[in-house]
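Right, one structure below, let's go through it.
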Amino acid sequence: MALPRHLQSGQADSGDYWPGFVDALATLLLVIVFLLAVFTAGQFALSQALTGRDEQLAELNGRLATLAEELNLAQSENERLSLRVSTLTQENGALAETNAGLTSQIAGLQEGLAAARSSLAEEEALNEEAQATVALLNNQMAALREELARLNEALNASEAREAELEAEVVNLGRRLNAALASEVARLARYRSEFFGRLIEVLGDRSGVRVVGDRFVFETDVLFASGSAELSEEGRRSLAPIADAIIQLTDEIPDDLDWVLRVDGHTDRVPLGPNAPFESNWELSTARSLSVIAYFESRGVPPRRLLAAGFGEHYPIAEGRTQEAYARNRRIELKLTSR
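In terms of our numbering, the sequence shown opens at residue -8 and continues consecutively.
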């Protein structure tokens, strides 16, 4: 049975397209296989390249870790030296400044190492510039270690010198204390002689008493009320004391630095508006100077005399009675060291 013409024509066309389609698929398959082969070969080559780069980076990281460890050791040593330098004197201060400079250099080297590490992480392989940088850092680290060793030797020498100086200071302190004790003992002996002579000279004279290590004169015996001019009775009372001081001056060796301190004291009663002095402090000082001037006029060397005024601020009797006021108005004589 014959087919229709349009069906016969369609079958003929279908037979014509199929071989071309098969050829196209075969060609496409070959292209895909070729691309896969090329991709596989490229992946293999890239893997080999990356493996070589990873080995180089591992080697660099190992060297950088070693450098970092050495740097940490150097920093620890530098901190220990800085702590020891801080205890030294001005000479050690100069060394501390040098050490601080080295610390700054180490900080700069750390920054350089960080920069080199960053550069190495970004690069695919170690180049000549990175190698030169690492070599330079190694040289600088070696130089720093030598400098730190030199500083350590200098610090040890400085500590030894400081120990010697401390020993000398201790020795001088002992000698000074011994000399001071000897001076105090000598002065105490002459003070005892001075006290003995004054007690013998003054006898039981009223208005004079011994309080501790000093002679106390009631100012009513020496001065009129509100005045700083010695009375005749006051001059007569002080004359034998001046003679005793002159005699003692001739007996005490010149190398014993002593003075007779004259302290003026008043009561707490304020001075009147017509008084020649503005305060009890001025009055006490003026009275002390009057006694000093009298002793000097009698021949006592001025360099052996010392005046002081204390006003009403150091009373020896409390209360507001006339008796307490009279006791607080006084002149005190004390033989002491300068």
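Think of the CB as a built atom: it goes at the ideal place given N, C-alpha and C, for glycine as much as any other residue.
- Counting only runs of at least 4 residues, the region 90 to 145 fully encloses no alpha helix (DSSP H) element at all.
- In the DSSP assignment, residue 275 falls within the unbroken alpha helix (DSSP H) covering 271 to 288.
- Straight across, the Cα-Cα distance linking residue 38 with residue 115 is about 13 angstroms.
- One Cα belongs to residue 312, the other to residue 293, and the distance between them is close to 37 angstroms.
- Looking at the backbone, the Cα of residue 262 and that of residue 207 are separated by about 23 angstroms.
- According to DSSP, residue 249 shares a beta bridge with 328.
- By DSSP's assignment, residue 254 forms a beta bridge with 299, 323.
- With a cut-off of 8 angstroms on Cβ pairs, the region 252 to 260 is in contact with the region 298 to 305, counting three or more such pairs.
- In this structure residue 126 is exposed. Its beta-carbon is surrounded by fewer than 16 other beta-carbon atoms within 10 angstroms.
- Distance from the CA atom of residue 59 to the CA atom of residue 108, rounded to whole angstroms, is 11 angstroms.
- Taking a cut-off of 8 angstroms for Cβ pairs, the region 218 to 232 and the region 276 to 288 touch, as three or more such pairs fall below it.
- Taking all protein chains shown into account, residue 134 has fewer than 16 neighbouring C-beta atoms within 10 Å of its C-beta and is therefore exposed.
- The beta carbons of residue 309 and residue 315 sit about 7 angstroms from each other, so the pair counts as a contact at 8 angstroms.
- One thing to note: residue 139 has its Cβ no nearer than 8 angstroms to the Cβ of residue 51.
- When DSSP reads this structure, residue 214 sits in a beta bridge with 221.
- Nearest C-alpha to residue 102 among 120, 128, 119: 128.
- With contact defined as three or more Cβ pairs closer than 8 angstroms, the region 141 to 155 and the region 60 to 75 are in contact.
- Just so you know, the alpha carbons of residue 63 and residue 96 end up roughly 14 angstroms apart.
- Annotation: residue 252 to residue 85 spans about 48 angstroms, alpha carbon to alpha carbon.
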